[in-house]
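Each residue of the sequence shown is one higher than the one before, counting from 47 in my numbering. We put the beta carbon where it would ideally sit given N, CA and C, even for glycine. Following: one structure in structure tokens, then a few remarks.
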Amino acid sequence: MTSTIIITICILLLIAYLFDLTAPKTRIPSVILLLLLGWIVRQISTSLHLKIPDLSGLLPLFGTIGLILIVLEGSLELKLNRSVTSLIKKSSIVALIPMVALAFLLAYAFMYFQSGLSLRDALANAVPLCVISSSIAIPSVKYLSSYNKEFITYESSLSDIFGVVFFNFVALNELGEVHSIPASIIQLFMMIVVSFAATILLAFLMGKIDHQIKFVPIVLLVLLIYTIAKLYHLPSLIFILILGLFLGNLDELKRFKWINNLKPEELKSEVIKFTDLIIEATFLIRTAFFLLFGYMIETSEIFNPDTLIWSVSILAAALLIRAIQFKISGLKLFPMLFIIPRGLINVLLFLSVVPAQQIQFVNKSLVLQLVILSSLTMMLGIMFSKKDIELPTNV
Numbered sequence: 047m048t049s050t051i052i053i054t055i056c057i058l059l060l061i062a063y064l065f066d067l068t069a070p071k072t073r074i075p076s077v078i079l080l081l082l083l084g085w086i087v088r089q090i091s092t093s094l095h096l097k098i099p100d101l102s103g104l105l106p107l108f109g110t111i112g113l114i115l116i117v118l119e120g121s122l123e124l125k126l127n128r129s130v131t132s133l134i135k136k137s138s139i140v141a142l143i144p145m146v147a148l149a150f151l152l153a154y155a156f157m158y159f160q161s162g163l164s165l166r167d168a169l170a171n172a173v174p175l176c177v178i179s180s181s182i183a184i185p186s187v188k189y190l191s192s193y194n195k196e197f198i199t200y201e202s203s204l205s206d207i208f209g210v211v212f213f214n215f216v217a218l219n220e221l222g223e224v225h226s227i228p229a230s231i232i233q234l235f236m237m238i239v240v241s242f243a244a245t246i247l248l249a250f251l252m253g254k255i256d257h258q259i260k261f262v263p264i265v266l267l268v269l270l271i272y273t274i275a276k277l278y279h280l281p282s283l284i285f286i287l288i289l290g291l292f293l294g295n296l297d298e299l300k301r302f303k304w305i306n307n308l309k310p311e312e313l314k315s316e317v318i319k320f321t322d323l324i325i326e327a328t329f330l331i332r333t334a335f336f337l338l339f340g341y342m343i344e345t346s347e348i349f350n351p352d353t354l355i356w357s358v359s360i361l362a363a364a365l366l367i368r369a370i371q372f373k374i375s376g377l378k379l380f381p382m383l384f385i386i387p388r389g390l391i392n393v394l395l396f397l398s399v400v401p402a403q404q405i406q407f408v409n410k411s412l413v414l415q416l417v418i419l420s421s422l423t424m425m426l427g428i429m430f431s432k433k434d435i436e437l438p439t440n441v
């Protein structure tokens, strides 16, 4: 039995690797293929009457670790200089305004169709549907033009952060309370301070540890700091973003004298090794998450007509609001208009809605349909924008 499990896992991961290799050619987001592969494994195991234990408890675990690694990987590749100031401003606006607008639109729609629903509960269910998932967006745009790739990386990472902050705000506070907004601002400021302190500490340790096992303790500390901050309802993804930007931009930070204490030239070589490790680990965890999510899919959930109307309407509203925001911001519509995937962060936020706040419209079927439809929309947008693709020489 042990040998069978090992063989199965190895084959599934190798197939997932083939999906990743062929993605630039096929333009098919690997998440679609991973979900399909997981679903096929479910059908085979059912037909063979195999007894497989309940794996649903692993979904939040893989999801949380995957989210951390994906945002860290993306931020490590971003470069900070004056030339990207405008890009960061625009990506921040595009990440925040459409998400908030769509969340309130959905919240009022939920309140219209379900009488007696409070705005707080409606928003708690709406926000998980409005966030752009960096876990799908970042890997899917790696072969787009440099500007579009950087824009989507910033936008989707910030969307995750804004989404978590917004969700915690509406889920943990009574809307309209005077103290709730200042408290959220204080939490945000605290997280930024903690993030800078923790980042400098981790960078120092990365340069000082001389043991052959160097990066595992660093990764464990990153997970520990993130999780502790999350327990206190702090926007802990800010820490991941700051850490990645700091380590990935040591050259730009040399003008600050105190950086020399970290020996940036020596640290750079360690950061390159660390980045390679994060890329490999991200692939494994991300693959495990979507295979498991695909395995848990019931066929009836994909074609549920009751939620299909909602999922199509939500996607259409998201595209419309995004198009308006792009026009206002003076951004090209294609192909970035269509890069609004839902994925890992949406599933995590959906699972975080407490039973007392859950409503009948928002269920697993709706989230699943949104993940699939938004990924297909992104795929079509990228496929019809061939001139924007930068194929790697080794593919």
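Separation of residue 63 from residue 314, as counted between CA atoms: When rounded, the separation of the alpha-carbon atoms in residue 314 and residue 63 is 28 Å.
Using only the alpha-carbon positions, how far apart do residue 281 and residue 233 sit? Straight-line Cα distance between these residues: approximately 8 Å.
Apart from the five residues on each side of it in sequence, which residues of its chain come closer than 6 Å, Cβ to Cβ, to residue 328? Excluding positions up to five away in sequence, the list reads 115, 116, 119.
Short of 8 Å in beta carbon distance, which residues of its chain neighbour residue 325, apart from the five on each side in sequence? Order them along the chain. If we look at residue 325 and ignore the five residues flanking it on each side, its Cβ neighbours are 119.
Close-in-space but distant-in-sequence residues of the same chain around residue 323 (CB under 8 Å, 5 per side omitted): Closer than 8 Å at the Cβ level, and outside the excluded window around residue 323, lie 261, 265.
With 16 other CB atoms within 10 Å as the buried threshold, where does residue 214 fall? By the neighbour-count rule (16 or more Cβ atoms within 10 Å), residue 214 is buried.
Take residue 447 as the anchor and find which of 218, 98, 245 has the nearest alpha-carbon. No answer is possible for residue 447: it lies beyond the span of the chain, which begins at 47 and ends at 441.
May I ask you to report which of helix, strand or coil DSSP gives residue 124? When DSSP states are grouped into helix, strand and coil, residue 124 belongs to the coil group.
Near residue 439, what residues of its chain come up, given a Cβ to Cβ distance below 8 Å and the 5 sequence neighbours on each side ignored? Reliability of the predicted coordinates at residue 439 is poor, the pLDDT of 49 falling under 50, and the value obtained from them is presented with this limitation in mind. Short of 8 Å from the beta carbon of residue 439, and not among the five residues preceding or following it, lies no beta carbon of its own chain.
Under 6 Å Cβ to Cβ from residue 428, same chain only, skipping five residues before and after it: list those, please. Cβ neighbours of residue 428 beyond the five flanking positions: 73, 381.
Between which two residues does the alpha helix (DSSP H) holding residue 429 run? Bounds of the alpha helix (DSSP H) holding residue 429 are 410-429.
What does the alpha-carbon distance come out to for the pair residue 79 and residue 228? The straight-line gap from Cα to Cα measures roughly 44 Å.
In the structure shown, what three-state DSSP assignment does residue 94 receive? Residue 94 carries a coil assignment under DSSP once its states are collapsed to helix, strand and coil.
Sorted by chain position, which residues of the same chain lie with C-beta nearer than 6 Å to residue 387's C-beta, five sequence neighbours on each side aside? Only residues of its own chain outside the window of five on either side were considered, and among them 179, 182, 183, 420, 421, 424 have a CB closer than 6 Å to the CB of residue 387, listed in chain order.
Could you tell me how far apart the beta carbons of residue 353 and residue 295 are, in whole angstroms, since I believe they sit closer than 8 Å? A Cβ-Cβ separation of about 43 Å leaves residue 353 out of contact with residue 295 under the 8 Å criterion.
Every unbroken alpha helix (DSSP H) inside the region 367-408 [4 residues or more]: Whole alpha helix (DSSP H) segments, 4+ residues: 390-398.
Within the continuous alpha helix (DSSP H) that includes residue 66, where are the two ends? That run of the alpha helix (DSSP H) goes 48-72.
Kindly indicate the opening and closing residues of the alpha helix (DSSP H) around residue 280. Bounds of any alpha helix (DSSP H) do not take in residue 280, whose DSSP letter is neither H nor E.
Taking the C-alpha atoms as reference points, what is the distance between residue 298 and residue 175? Roughly 37 Å separates the two Cα atoms.
Considering only residues of the same chain and omitting the five flanking positions on each side of residue 198, which have a CB-CB separation below 6 Å? Hits under 6 Å: 183, 187, 385.
Rounded to whole angstroms, how far is the Cβ of residue 208 from the Cβ of residue 141, which I believe are closer than 8 Å? 6 Å between Cβ atoms; contact.
Distance, residue 150 Cα to residue 156 Cα: Cα to Cα, the separation comes out at about 10 Å.
C-alpha gap between residue 416 and residue 392, whole angstroms: For residue 416 and residue 392, the distance between alpha carbons rounds to 9 Å.
Which residues mark the beginning and the end of the alpha helix (DSSP H) in which residue 171 is found? Looking at the DSSP string, the run of the alpha helix (DSSP H) that includes residue 171 is 165-172.
Is the region 161-177 in contact with the region 94-112, if contact means three or more CB pairs nearer than 8 Å? These segments do not touch.
Determine the extent of the alpha helix (DSSP H) in which residue 135 is found, giving its start and end residues. Its alpha helix (DSSP H) spans residues 131-159.
Once the 5 residues before and after residue 65 are set aside, which same chain residues still bring their CB inside 6 Å of it? Around residue 65: 76, 79.
Drop a sphere of 10 angstroms on the beta-carbon of residue 272, count the other beta-carbons inside from all chains shown, and report buried for 16 or more, exposed for fewer. That one is buried.
Go ahead and label residue 185 buried or exposed: buried means 16 or more other beta carbons lie within 10 angstroms of its beta carbon, across all protein chains shown. The residue in question, residue 185, is buried, as its Cβ has 16 or more Cβ neighbours within 10 Å.
Using a threshold of 8 Å, state whether the C-beta atoms of residue 383 and residue 136 are closer than that. Between residue 383 and residue 136, the C-beta gap is not smaller than 8 Å, which leaves the two residues out of contact.
What do you get for residue 300, buried or exposed, if any count of 16 or more other CB atoms within 10 angstroms of its CB means buried? Counting other Cβ atoms within 10 Å of its Cβ, residue 300 stays below 16 and is therefore classed as exposed.
Identity of the residue in 371, 351, 339, 390 nearest residue 407 by Cα: The shortest Cα separation from residue 407 among 371, 351, 339, 390 belongs to 351.
Where residue 103 falls: helix, strand or coil (DSSP): Secondary structure of residue 103 (DSSP, three-state): coil.
Can you look up residue 302 in the DSSP assignment and give me helix, strand or coil? Three-state DSSP puts residue 302 in coil, outside helix and strand.
Just verifying my parser: in three-state terms, what is the DSSP assignment at residue 214? In the structure shown, residue 214 adopts helical secondary structure according to DSSP, grouped into three states.
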